[in-house]
Amino acid sequence: MFDTLTDSFTSAIKKIRFHDDEKALKKALTELKKSLLKADVHHKVVKELIGRVEIETKKAGIGKDQFLDAMRTVLYDLLKTDGNQGFVFAANPPTVILMTGLQGSGKTTTTGKLAHWLKEQKKKKVLVVAADLQRMAAVEQLRQITAQIGVELYDDEATKNPVEVVQAAMAKAKNSLYDVVLIDTAGRLAIDEELMDELKAVRDAANPSEIFYVADSLTGQDAVRTAQSFKEQIGIDGVILSKYDGDSKGGVALGIASQVQVPLRFIGAGEKMADLEIFIPDRIVNRLMGLGDIEGLAEKTANVIDEKQAKKLTQKIKKGQFNFNDFLEQMESMKKLGSMKSLMGMIPGMGNMSKALGDLDLENSQEIKQIKALVSSMTPKERENPDLLNNSRKQRLAKGAGMEQMDVNRILKQFKNAAKMAKKFSGKKGMQDLQNMMSQMQGGGFPR
Ligand SMILES: Nc1nc2c(ncn2[C@@H]2O[C@H](COP(=O)(O)OP(=O)(O)O)[C@@H](O)[C@H]2O)c(=O)[nH]1
Ligand SMILES: [Mg+2]
236 MFDTLTDSFT SAIKKIRFHD DEKALKKALT ELKKSLLKAD VHHKVVKELI
286 GRVEIETKKA GIGKDQFLDA MRTVLYDLLK TDGNQGFVFA ANPPTVILMT
336 GLQGSGKTTT TGKLAHWLKE QKKKKVLVVA ADLQRMAAVE QLRQITAQIG
386 VELYDDEATK NPVEVVQAAM AKAKNSLYDV VLIDTAGRLA IDEELMDELK
436 AVRDAANPSE IFYVADSLTG QDAVRTAQSF KEQIGIDGVI LSKYDGDSKG
486 GVALGIASQV QVPLRFIGAG EKMADLEIFI PDRIVNRLMG LGDIEGLAEK
536 TANVIDEKQA KKLTQKIKKG QFNFNDFLEQ MESMKKLGSM KSLMGMIPGM
586 GNMSKALGDL DLENSQEIKQ IKALVSSMTP KERENPDLLN NSRKQRLAKG
636 AGMEQMDVNR ILKQFKNAAK MAKKFSGKKG MQDLQNMMSQ MQGGGFPR
């Protein structure tokens, strides 16, 4: 999901050696600056980031580890803005969220995604409220979305007054003990007084726990400006960036929180209901630096397999026991997880590969089919411990899966490396190990 940004950071990191001089630092920073600007990060944000990384690195002594540390600290400060992070439940349910934004920004879709996320990941009872009565099709769109995800909708086509709808919906939510109420509102193509007046009336009727602003990331800096106006006029507590999968360069995600001074809470990257990711600054920092996000991956997986299984899996990864049986199981569940691109970015060491594998179609990819064919012909014991495979077994497996023995060796080796890497980075010492490894690599890529 953050390919462009991650590329910018990882290639800057590679430019600095374990011990290095000011010239190298300058060179790395200049390059980082260029690529961030190219990715559409606002120039003031870039300036601030580069300046602080330079100061912090010099303070600690120029070298790869210090550079990494400085970047991590500065990025974290940049992304972490005062206010709630992720999704916060109100002390007294229901938690009421008012969804706002311009027309076409992705409010209705995002309301559906958020409802889906709350239902599947947090096991909450959610009521979605259709308070966009401006467009004829708006209620119908929400009806289809909520039916698809199996979440209840409150709508009332007898009235054109969103305030009435919201009042009735709130009464229902309280009586029927809903955990969360998500209110989808009308937008306009641009900010106007009428819209703001309607929103204020709806806001006062709903008395929301939080107001989310949905910003279309494809509109770049415009998204930042409109978010600022919404903040001034009705007050917003969080931003959700939508359409992050589009060909936007992604830079807006880096600057929006610090520019608007409101935390970025979620990112929507795709048209499917599962394509919503929670934005937690310290996890994102790791991903931006190409270090993956084991925690996020485990959570996302828990959405599809159950929580116990996900814990077991994390434990297995930590102990280096992740095997081909787990792999097959994961492949099956991953189909339900939304876009491959965002998943790959969460796997340590795989960030670089996410571009290549980004549009991989799990069901139809030749490579995955081969791996599956290969794994299916192994005995359960062999899947647990591929080291049991001797040459003649490998040869037979290759034949069975329609490949050369060379391919079998390659797949086994890749798998072993991936499992090793995952283990390494999932432990408490993971980040330290990674830094050490990167310093030793001196500009090389991750070993495959
Ligand atoms: N590719 C992509 N399309 C999105 C995303 N979010 C919303 N859309 C599309 O953007 C269009 C407008 O979305 P909608 O939710 O109706 O916007 P609203 O007017 O703010 O309610 C629809 O065609 C959605 O499918 C996203 O994250 N990725
Ligand atoms: Mg809408």
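Heads up: take any position in the sequence shown, counting from 1, add 235, and you land on the working numbering. For each residue, glycine too, the CB sits at the ideal point set by N, CA and C.
- Of the other Cβ atoms in all chains shown, 16 or more fall within 10 Å of the Cβ of Gly503; this residue is therefore buried.
- Short note on Ser612: C-beta not closer than 6 Å to any heavy atom of ligand 1.
- The beta carbon of Gln402 is closer than 7 Å to those of Ala440 in its chain, skipping five residues each way along the sequence.
- Of all C-beta pairs linking the segment 368-382 to the segment 406-413, fewer than three are shorter than 8 Å, placing the two stretches out of contact.
- The Cβ-Cβ distance between Asn521 and Glu619 does not fall below 7 Å.
- DSSP, reduced to helix, strand and coil, places Met581 outside both helices and strands of the structure shown, so it counts as coil.
- Spatial neighbours of Lys395 in its own chain (CB-CB distance under 6 Å, excluding positions within 5 residues in sequence) are listed in chain order as Leu368.
- With 16 or more other CB atoms across the displayed protein chains lying within 10 angstroms of its CB, Arg438 is buried.
- Taking a cut-off of 8 Å on C-beta distances, the segment 410-426 does not touch the segment 296-306, as fewer than three cross pairs fall below it.
- Non-local beta-carbon contacts of Val400 in its own chain, meaning distances under 6 Å to residues more than five positions away in sequence, involve Ala366 and Asp391 in chain order.
- Met334 carries a strand assignment under DSSP once its states are collapsed to helix, strand and coil.
- Under the DSSP definition of a beta bridge, Ser477 partners with Asp451.
- The beta carbons of Ile646 and Ile606 sit closer together than 7 Å.
- Of the candidates Thr549, Gly490 and Met405, the residue whose Cα lies closest to the Cα of Asp312 is Gly490.
- With contact defined as three or more Cβ pairs closer than 8 Å, the segment 238-255 and the segment 277-286 are not in contact.
- In the displayed model, Leu489 falls within a helix according to three-state DSSP.
- A Cβ-Cβ separation of about 13 Å leaves Gly485 out of contact with Leu314 under the 8 Å criterion.
- No heavy atom of ligand 2 is found nearer than 6 Å to the CB of Lys395.
- When Glu289, Ser477, Asp304 and Ile251 are compared, the shortest CA-CA separation from Leu349 is found for Ser477.
- The shortest CA-to-CA distance from Ala492 to any of Gln463, Asp510 and Glu506 is the one to Gln463.
- Distance between Glu375 and Asp419, taken at the CA atoms: about 12 Å.
- The alpha carbon of Ala458 has as its nearest neighbour, out of Arg370, Pro328, Ile469 and Ile475, the alpha carbon of Ile475.
- From the listed residues Gln338, Val323, Pro328 and Ala404, the smallest Cα separation to Val363 is found for Ala404.
- The shortest CA-to-CA distance from Gly481 to any of Ser246, Phe465, Asp510 and Gly473 is the one to Asp510.
- Here the alpha carbons of Ala633 and Leu609 stand approximately 7 Å from one another.
- The alpha-carbon separation between Lys435 and Ile469 amounts to approximately 6 Å.
- As the crow flies, the alpha-carbon of Lys293 is around 17 Å from that of Lys268.
- Across the set Ala259, Ser444 and Asn442, the C-alpha of Ala259 shows the shortest separation from the C-alpha of Gly296.
- Bounds of the alpha helix (DSSP H) holding Thr265 are Glu257 to Lys273.
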